[in-house]
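Chemist:
Residue numbers (the working numbering), protein chains in the order written: chain A, 40 to 273; chain B, 3 to 390; chain C, 288 to 895; chain D, 1472 to 1749.
Structure follows, in structure tokens:
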């Protein structure tokens, strides 16, 4: 059974529908990417999945349960972790506080597993009392991911982790995601424009345009840079 | 900061209709006595006792057959202790309730605001509150003390018995506060004393911190205050005591009832009054007995503001009887001539619409009671309204 | 090269014949109101007349609160201050200087002038460019408190806490005072009615709905707010003067903050932005308070408090609109047929062409704290050019647009518009240079109709009348085309909030073009539009550059769209221009692909 | 001089205590609670009830806090919740709430001025001055309050959640924080702080249904100037309260009442985000 599945979801802001009937599925342990140009509705999709944007039509199920009407915090406590785009951390909180903010995700695992995230991101351990805002962009991105994972959620919604991050760190993140899905069987839904990251991490992808899924890309397709580039750039 | 009270604006108006105890035949139309009084705001501490005094007078008069065979009806209105509220209260009493007379104890602000309405409505107005003096109107009579009668005993006592040479004056910034203290300053200067400072706070101000600090650093020998009755008086006294001020303290605006309410903080305050409960006269003893009998446990201590109210109702009764009518002009003409033997002794408002009074100097005790120090017989109010 | 004006005068002042005014209706209603007020004292008892006089004067004050808050969106706690100033002017002059007709006129003049001066000063403090609405409210909150303390500090002069009373005044009969107060209220209401229904009245609503959009339409928002505040202060002072002269008492409460909040309650209950609602609300609540506070002293105030909270939470528009709705339901046909203005082509204005570059940008940078968002931007835009700005999120595209349209935005660098330096100017002055900006999300005036939105946009070119509204709507060719081609012409009477998303975008574009700009800044004009709508907009933009020789700067994510319509493309990345060239050069560039794919690095990196 | 310093210090302490509840609510909820004055009044009457029941006067403070907290929760659920997206309307609705509270108090307790027993009276020698003991105790209590609030915000899970909601509500919700509950608790806490402050100041003043009103505007100004932070509020109270004392002492007690409002309006014109925004 799919860990996450959406059926023809419609959502948007004010009078405009940004998502116009999106249906996707994510299997346990799978890393699925959503690709598309800026403004096609990828971030809106993420916000709708976590519940920050109300669903207008359609259905979202998580682990077989209908969560369409649930609030964001309920969904998070069910085990859906969300790492938003950009510097999605609390800049005035310390690194430790930022990590502790992740401890409400996943009621099944109420104790934050600091060792898990220190294992992947050792620099965090050294900077526990430093304010989040003083970290570099890449470190902030890693902190956001670490926070999302500290209670070992079933599903991670990851919105452009590569945005404004050095390539070397993007690679690191990619490797980490792969390891995560293998060893902890955490599923990842990844919104990306970065071709490199998609290629290293994603098992398959959905291509979006104008609020709709226009095609599904297999693992094979993902290897083809030209196919990918048509969906991302022009 | 503004501390205007909501109540002032709304002019919340309470009407308490008190009919005679006798409940006798209501043959003739009642005589309506309007009582605008500060049930809320600065005067709210003392207002209930004033209403009680008027109620007793009305009940006694009605029981004895009323005035010219007509029963008395009291119409009480809250003036919010301020000008705005007074305006609404006077308007309502004069034009809506159409009262025959106004008899009331009020702040000077409220009195001043009410007078134009009284003039417009041509209603007799007996003012029963001690005040700063020189309020004159063809429709106004006053049966309580003015500075000429009250200030001298305290200042004289401080200078002779306490040896005070320098004084500090604190007041609420309104007609009464300023009027009293200006008179006091003149009197002190006249007696060879020195005023080191005079400070004012708006009528409903409550933070006296800076003023108290100035008082303390001035090193004055004695303190004389004149605030709006009630809340400002209480907060000032509390904060003075909390600040450890222990120089001789004369309070020109405190009455016995308020002093009792303040508890231990009021101990040691000197007051100068035309009424204290300890007056041994028959009239006073009877009055106190009747008050107790009428109000029982709800009794508010009679005081220098409530007793003139009681006497005011009787003075009006006598004037109506003398005039043989409630017609305004006739009553005004008669008010000069009538005299009433009340708890404070013989009261006649024949000195330019004001009354000569016996004054008492007393000190508040720790138990809330007061100790009489000396008394001064029939003190003259001086030149108040030479043109009337 | 100079293009000739084709028809009409170059500066299009609308002719008088096109002005529609409610004057006839207003005069009829006013006359009826005056008749009612004229006979009312003979049917009411003296007490009611007495309290009505005060209520009528306070209603005029409440009306000014409605103008400020209901129409223009300035939440003011301070109108009582002006009322108090007028009242004290009367009392002070009569008490200390003298009494008589001459003194009365002097006192009134002094009161009004003082109120206007205070309002001007407070307005200047409160309504500066970039001030938050909250700050305006803070200043209006401080105002009555300051005036009250000044009264307190006045000692014997102002009577301090006790106020002044018993000063000589006109002891006219109560009926006379009633008529004076009534006539004053009718006149003020009538004038206010004409004013809010005029074209200028629409501008006030536009300011309430979207102050930023107004500023970028070249409307001097701060100046309008200050002038309105001054006018409201003057009316308040006259009302206060009358109040003092009638009651013969002034007290600090008259200038106080509590009266200020009470006015808000009356306006909110009556219905903000309805003019009549606040007047009725003020009279009804003040009179009822005087009556009921006798028998139900606290319960009445409690009831008003509860009603106020319920109205604010559940019926923010107050009771008047509900009454109107009910009326319309009960009396079919009561709904006034709105007059649709006739669309007309505005005369073409003479412009010098080809002499100066429309836009020259050099060394512009912008930082927020230590974060550099733009660094060293240099480029020139030419006439008839459609220049697209592209780049990934956070590249600084929108920031650059902002720097071009608001002189306060950039941290450094020079911008020249047709040879003139763009100083540290607010957006409305930038508009005067010929810059029009369209926002990313459709930015229109929700409660104005399409026609009104467009008319408001003509503020700078056709100064709106204060008392009448124009029956024709003049638009330049380009705006007219959009209105006609997108179907907006059929919805001129529709309120903008009821438009579909695409139509809103089109309306905003038409509004910007109604400014007759020479440079148009567009931030993602096609976001959320259907393909057909996009193509239509694209065609219009292309023709604007080709036929009207406008210079258009376009921020766009949709590279298909960019490729179709651009004549030149600038690629921004990490706050710098990395490429500036033709469409072919950019689209084919490996660098652009790398930037979008996230693999390009400029060496400096973005790691702080 | 020592007296002046003590006046400034104690005035600042009182202002800090009185404004803290308003600040907590504004900080977390972005909501200006104009019922703040009414909650101060509620605290005053809680102290009055304590006196009437003959309890130890110190009990007035926790009792007031409890009453304020419970009422705060009710008010948040019924009135405040629909207004999060309409900040200016929220000011008006909470002002209306203040009227309701004032009238209910008047109906229950009457409108007259009441007296509250002071837990401490008299003066002690301090810095060579004989100074009001209770005012000095208030300084200690205000300091304690500042420490307790700091501890609550920085060393508890509630504080962490609240700060997260302040910084980025969407992000916090996405991380499983029930921001609705955080707001509910915050409003209760702010109301409790206001009531507590009301009970603390009553021994210096008298109790009547409009007790809180004069404090409201000054608190509001201080909170805006503080830039919504605890140290900011401490400094703002010291600077503006100090200015008030100095003007009251050297110019006029009446104009002293203006000082905070005028200075705040000027400061906010120059620094709209307050003195100490992070």
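All C-beta atoms, glycine included, are put in the ideal place defined by N, C-alpha and C.
Could you check whether residue 1510/D and residue 1445/D sit closer than 7 Å to each other, using their CB atoms as the reference points?
Modeler: Only positions 1472 to 1749 of chain D appear in this structure, which leaves residue 1445/D out of reach.
Chemist: Going by beta carbon distance, what residues of the same chain come within less than 8 Å of residue 1706/D, once the five residues before and after it are set aside?
Modeler: As a working note, residue 1706/D is residue 235 in the fourth chain. Taken in chain order, the residues that qualify are 1697, 1746, 1747.
Chemist: Counting only Cβ-Cβ distances shorter than 9 Å, please list the residues of the stretch 1729-1742 of chain D near chain C, keeping chain order.
Modeler: 1729, 1732, 1733, 1735, 1736, 1737, 1739, 1740
Chemist: Go to residue 779/C, then tell me how far its alpha helix (DSSP H) extends in each direction, as first and last residue.
Modeler: For this step, residue 779/C is matched to residue 492 along the third chain. Residue 779/C -> no alpha helix (DSSP H), and no H or E assigned at all.
Chemist: Give me the subset of the stretch 670-681 of chain C whose CB atoms are less than 9 Å from a CB atom of chain A, sorted by chain position.
Modeler: 679, 680, 681
Chemist: Among the residues of its own chain, which have a CB less than 6 Å from the CB of residue 225/B, if the five just before and after it don't count?
Modeler: Within the second chain, the letter at position 223 stands for residue 225/B. Only 170, 249, 251 meet the Cβ criterion.
Chemist: Where DSSP assigns a beta bridge to residue 251/A, which residues make up the other side?
Modeler: One-based indexing of the first chain puts residue 251/A at position 212. Answer by DSSP bridge pairing, in chain order: 248/A.
Chemist: Below 7 Å CB to CB, which residues in the same chain sit around residue 24/B once its five sequence neighbours on both sides are set aside?
Modeler: Sequence index remark: in the second chain, residue 24/B carries index 22 (1-based). Because residue 24/B carries a pLDDT of 38, less than 50, the predicted location of this residue cannot be relied on, and the following value inherits that uncertainty. These residues qualify, in order along the chain: 64, 65.
Chemist: Just the chain D side, please: which residues come within less than 8 Å of residue 91/A by C-beta, in chain order?
Modeler: Counting from one through the first chain, the residue named residue 91/A turns up at place 52. Residues of chain D passing the Cβ test: 1641, 1644, 1645.
Chemist: Is there a C-beta anywhere in chain A that falls below 7 Å from the one on residue 882/C?
Modeler: Here residue 882/C refers to the residue found at position 595 of the third chain. So, not an interface residue.
Chemist: From the DSSP output, in three-state form, read off residue 642/C for me.
Modeler: For the purposes of this step, residue 642/C is taken as residue 355 along the third chain, with counting starting at 1. Note: residue 642/C maps to coil in three-state DSSP.
Chemist: Tell me the rounded alpha-carbon separation between residue 359/C and residue 745/C.
Modeler: Numbered from its first residue, the third chain carries residue 359/C at position 72. Numbered from its first residue, the third chain carries residue 745/C at position 458. If you take the alpha carbons of residue 359/C and residue 745/C, they lie about 19 Å apart.
Chemist: Can you name the residues of chain B whose CB is closer than 7 Å to the CB of residue 1562/D?
Modeler: The residue labelled residue 1562/D in the question sits at position 91 within the fourth chain. Simply none; closest approach about 17 Å.
Chemist: Going residue by residue through the stretch 1524-1555 of chain D, where are the continuous alpha helix (DSSP H) segments of at least 4 residues, counting only ones entirely within it?
Modeler: 1531-1546
Chemist: Could you work out which residues of chain A lie near residue 844/C, taking near to mean beta carbons separated by less than 7 Å?
Modeler: Stepping through the third chain from its first residue, residue 844/C is reached at position 557. Chain A residues near residue 844/C: 76, 77, 78.
Chemist: On the three-state DSSP scale, how would you describe residue 652/C?
Modeler: Here residue 652/C refers to the residue found at position 365 of the third chain. Residue 652/C falls in the strand class under three-state DSSP.
Chemist: Near residue 95/A, what residues of its chain come up, given a Cβ to Cβ distance below 6 Å and the 5 sequence neighbours on each side ignored?
Modeler: Stepping through the first chain from its first residue, residue 95/A is reached at position 56. Excluding residues within five positions, the ones whose Cβ falls inside 6 Å are 49, 50.
Chemist: Measuring alpha carbon to alpha carbon, tell me which of 1700/D, 1616/D, 1583/D, 1569/D ends up nearest residue 1634/D.
Modeler: Counted from its first residue, the fourth chain places residue 1634/D at position 163. The option with the nearest alpha carbon to residue 1634/D is 1700/D.
Chemist: Determine which residues of the stretch 97-128 of chain A have a Cβ less than 7 Å from any Cβ of chain D, and write them out in chain order.
Modeler: Contact residues of the stretch 97-128 of chain A toward chain D are 111, 112, 115, 116, 121, 123, 127 (C-beta to C-beta distance below 7 Å).
Chemist: When the Cβ atoms of the stretch 440-451 of chain C are set against those of the stretch 307-326 of chain C, are three or more pairs found closer than 8 Å?
Modeler: no
Chemist: Alpha carbon to alpha carbon, how far is residue 714/C from residue 46/B? Give it in angstroms, no decimals.
Modeler: The residue labelled residue 46/B in the question sits at position 44 within the second chain. The residue labelled residue 714/C in the question sits at position 427 within the third chain. Rounded to the nearest angstrom, the two C-alpha atoms are 57 Å apart.
Chemist: Between the stretch 219-252 of chain B and chain F, which residues of the former have CB atoms less than 8 Å from a CB of the latter, in chain order?
Modeler: Of the protein chains in the structure, A, B, C and D, none is chain F.
Chemist: So the candidates are 613/C, 718/C, 879/C, 779/C; which of them puts its Cα closest to the Cα of residue 507/C?
Modeler: Here residue 507/C is taken as the residue at index 220 of the third chain, counted from 1. Residue 507/C has its Cα closest to that of 718/C, out of 613/C, 718/C, 879/C, 779/C.
Chemist: For residue 342/B, name the three-state secondary structure that DSSP assigns.
Modeler: Locating residue 342/B in the second chain gives position 340, counting from the first residue. In the structure shown, residue 342/B sits in a strand (DSSP, three-state: E or B).
Chemist: If distances are taken between C-alpha atoms only, which option among 468/C, 850/C, 445/C comes closest to residue 175/B?
Modeler: Here residue 175/B corresponds to residue number 173 of the second chain, with the count starting at 1. Closest option to residue 175/B, Cα to Cα, is 445/C.
Chemist: Would you kindly work out how many angstroms separate the C-alpha atoms of residue 176/A and residue 231/A, rounded to a whole number?
Modeler: Numbered from its first residue, the first chain carries residue 176/A at position 137. Numbered from its first residue, the first chain carries residue 231/A at position 192. Taken atom to atom, the span from the alpha-carbon of residue 176/A to that of residue 231/A is near 17 Å.
Chemist: Show which residues of chain C have a CB atom less than 8 Å away from the CB atom of residue 392/B.
Modeler: Residue 392/B lies beyond the range of chain B shown here (3 to 390); nothing can be said about it.
Chemist: Using a Cβ-Cβ cut-off of 7 Å, state whether residue 453/C counts as contacting chain B.
Modeler: Walking along the third chain from the start, residue 453/C turns up at place 166. Output row for residue 453/C: interface = yes.
Chemist: CB-CB under 7 Å to residue 330/B, same chain, minus the five flanking residues each way: which ones, in chain order?
Modeler: To locate residue 330/B, count along the second chain from 1; it is residue 328. Around residue 330/B: 124, 125, 126.
Chemist: On the three-state DSSP scale, how would you describe residue 890/C?
Modeler: Residue mapping note: residue 890/C aligns to position 603 of the third chain, counting from 1. With a pLDDT of only 37 at residue 890/C, under 50, the local geometry of the prediction cannot be trusted, and the value read off the model is given with reservation. Correct three-state label for residue 890/C: coil.
Chemist: Does any CB atom of chain D fall closer than 7 Å to the CB of residue 409/C?
Modeler: Indexing the third chain from 1 puts residue 409/C at position 122. No, no contact with chain D.
Chemist: Work out the CA separation of residue 316/C and residue 770/C for me, nearest whole Å.
Modeler: Translated into the one-based positions of the third chain, residue 770/C becomes position 483. Translated into the one-based positions of the third chain, residue 316/C becomes position 29. Taking the straight line joining both Cα atoms gives about 37 Å.
Chemist: Work out the CA separation of residue 740/C and residue 661/C for me, nearest whole Å.
Modeler: Residue numbering aside, residue 661/C sits at position 374 when the third chain is read from its first letter. Residue numbering aside, residue 740/C sits at position 453 when the third chain is read from its first letter. Cα to Cα, residue 661/C sits roughly 33 Å from residue 740/C.
Chemist: Going by C-alpha to C-alpha distance, which of 1723/D, 1571/D, 1660/D, 1602/D sits closest to residue 1619/D?
Modeler: On the fourth chain, position 148 is the one that residue 1619/D refers to. The shortest C-alpha separation from residue 1619/D is found at 1660/D.
Chemist: Threshold first: 3 residues or longer. Then list the beta strand (DSSP E) segments lying entirely within the stretch 418-500 of chain C, N to C.
Modeler: none
Chemist: For residue 509/C, collect the residues of the same chain with a Cβ closer than 7 Å to its Cβ; drop the 5 residues on either side in sequence, then sort them by chain order.
Modeler: Counted from its first residue, the third chain places residue 509/C at position 222. Only 414, 415, 416 meet the Cβ criterion.
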